[in-house]
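Asks: I have a structure I would like to understand better, so I am pasting it below and will then ask my questions one at a time.
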Amino acid sequence: MGITVKIRRCSGHTDDNFRFDTFEVPLTDNSNVLDVVNYIQNNLDPTLAFRYSCRAGMCGTCSMRVNGKNRWTCRSTVKSLRSKMLTIEPLPHYPIIKDLAVDMRPFFDRYRHVRSEFVSKHPTSKEFAKIQPNSKERRDIDPQIECITCGCCYGECNLVETNSGYLGPAAINRAFTLIADSRDSAGEERLDLLNSPQGAWGCHTQFNCTDVCPMGISPTRAIQKLKRKEVGHAFKKFFS
Ligand code: SF4
Ligand code: SF4
Ligand code: FES
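Quick look at the structure:
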């Protein structure tokens, strides 16, 4: 059992001179896409560049575009793709370092920009803050919290291409989880920052990000909820 694999190759920071190389790769029943590129590097072409770390769906470093969709390759079995051929490309909307390895700085710069760190209201308190499991706050935050910063959503969002300052789905989703958290003290600062076309109002609600998130997160849902919070924040500021 084997499969034909086409890989987009590029040797510099621009992909103007890219080419596709084709390889024949043997498969086992459980081969995933990361196994396939590892096989090529180990046995057919040691110059093939790509990135991964945990191989267990935790680190978010193995993302690539496979058959036209951004995926975490260590958890994407070849069988599940139901195709006789694989086309593997680097994530779109990122500068390419080499072949399938992209520069993640645009993603993490935006992630940091929204103050993605928790800013405690009571940094010196020794008491644990308590948030009930069935509270609205908990129910709002829980579905959005498991992001592994794989960058798939940013690479799938068309707004990132057309609006160069757009902060992107993962950064805005992260900001939402902190704004909704009553223990955090930087919520108003983030609401001011995201009240712009580069923030919540830039999203066109196309759900591309939601469609590719391997953790089942819907950044679109977080952004819609954030828009409602922005309206409340604006009223509060107007009447204060
Ligand atoms: S829903 Fe918004 S953030 Fe998600 S891909 Fe579409 S425009 Fe981008
Ligand atoms: S929201 Fe989902 S797709 Fe986006 S970076 Fe986080 S885990 Fe990846
Ligand atoms: S290698 Fe860590 S998530 Fe795939």
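Numbering (our numbering), first residue to last: 4 to 243.
Every residue gets a Cβ at the ideal spot worked out from N, C-alpha and C, and that includes glycine.
Around ligand 3, what residues have a beta-carbon under 7 Å from a heavy atom of it, in chain order?
Replies: The set, ordered by position in the chain, is Leu37, Tyr55, Ser56, Cys57, Arg58, Ala59, Gly60, Met61, Cys62, Gly63, Thr64, Cys65, Trp75, Thr76, Cys77, Arg78, Ile151, Cys153.
Asks: Return the residue from the list Phe241, Phe242, Ser243, Gly171 that minimises the CA-CA distance to Phe210.
Replies: Among Phe241, Phe242, Ser243, Gly171, the Cα nearest to that of Phe210 belongs to Gly171.
Asks: Within the continuous beta strand (DSSP E) that includes Leu30, where are the two ends?
Replies: From DSSP, Leu30 is part of no beta strand (DSSP E); its letter is neither H nor E.
Asks: At what residues does the alpha helix (DSSP H) containing Cys163 begin and finish?
Replies: At residue 163 the sequence reads Val, which differs from the Cys that was named. Residues 161-165.
Asks: Below 8 Å, can you find three or more Cβ-Cβ pairs linking the stretch 152-165 to the stretch 77-96?
Replies: Enough Cβ pairs lie closer than 8 Å, so yes.
Asks: So, helix, strand or coil for Lys72, using DSSP?
Replies: Note: Lys72 maps to strand in three-state DSSP.
Asks: Select from Tyr114, Thr31, Ala104 the residue whose C-alpha is nearest the C-alpha of Arg193.
Replies: Out of Tyr114, Thr31, Ala104, Tyr114 has the C-alpha closest to the C-alpha of Arg193.
Asks: Do Ala203 and Gln147 have their CB atoms nearer than 7 Å?
Replies: Their beta carbons are not under 7 Å apart, which means Ala203 does not touch Gln147 by this criterion.
Asks: Sorry if obvious, but does the Cβ on Met88 come closer than 6 Å to a heavy atom of ligand 2?
Replies: No, since every heavy atom of ligand 2 falls outside the 6 Å radius drawn around the Cβ of Met88.
Asks: Counting C-beta neighbours from all protein chains within 10 Å, is the total for Gly190 16 or more, i.e. buried, or is it exposed?
Replies: That one is buried.
Asks: Note down, in chain order, each residue of its chain lying with its Cβ closer than 6 Å to the Cβ of Met67, except the 5 sequence neighbours on either side.
Replies: These residues qualify, in order along the chain: Thr76, Ile91, Leu103.
Asks: Sort Lys72, Arg231, Val215, Asp24 by Cα distance to Arg12 and report the nearest one.
Replies: With distances taken between Cα atoms, Arg12 lies closest to Asp24.
Asks: On the DSSP letters alone, give me the boundaries of the beta strand (DSSP E) that Arg11 sits inside.
Replies: Segment 5-12, the beta strand (DSSP E) holding Arg11.
Asks: Cα-Cα, which of Glu149, Asp106, Lys9, Phe242 is closest to Gly71?
Replies: Comparing Cα-Cα distances from Gly71 to each of Glu149, Asp106, Lys9, Phe242, the minimum goes to Lys9.
Asks: Heavy atom of ligand 2 less than 6 Å from the Cβ of Met218, yes or no?
Replies: Yes - ligand 2 has a heavy atom lying nearer than 6 Å to the Cβ of Met218.
Asks: Would you decide whether Thr7 is buried or exposed? Buried here means 16 or more other CB atoms lie within 10 Å of its CB.
Replies: Exposed, since its Cβ has fewer than 16 Cβ neighbours within 10 Å.
Asks: Give me the residue from Val40, Ser79, Leu30, Tyr42 with the minimum Cα distance to Pro217.
Replies: Closest by alpha carbon: Ser79.
Asks: Count the CB pairs spanning the stretch 39-55 and the stretch 109-129 that are closer than 8 Å, and state whether there are at least three.
Replies: They do not touch, by the three-pair rule.
Asks: For Val1, count neighbouring C-beta atoms within 10 Å of its own C-beta (all shown protein chains included) and say buried if the count is 16 or more, exposed if not.
Replies: Missing from the structure shown is residue 1; the chain here goes from 4 to 243 and no further.
Asks: If you follow the alpha helix (DSSP H) that Lys101 is in, where does it begin and where does it stop?
Replies: From DSSP, Lys101 is part of no alpha helix (DSSP H) but of the beta strand (DSSP E) over 99-101.
Asks: If you check the beta carbons only, do Gln201 and Gly168 fall under 7 Å apart?
Replies: Going by C-beta atoms, Gln201 is nearer than 7 Å to Gly168.
Asks: Label Lys232 either buried or exposed according to how many other C-beta atoms from any shown protein chain fall within 10 Å of its C-beta, with 16 as the threshold for buried.
Replies: Per the 10 Å Cβ criterion, buried.
Asks: Report the three-state DSSP secondary structure of Arg118 (helix, strand or coil).
Replies: Coil, per DSSP.
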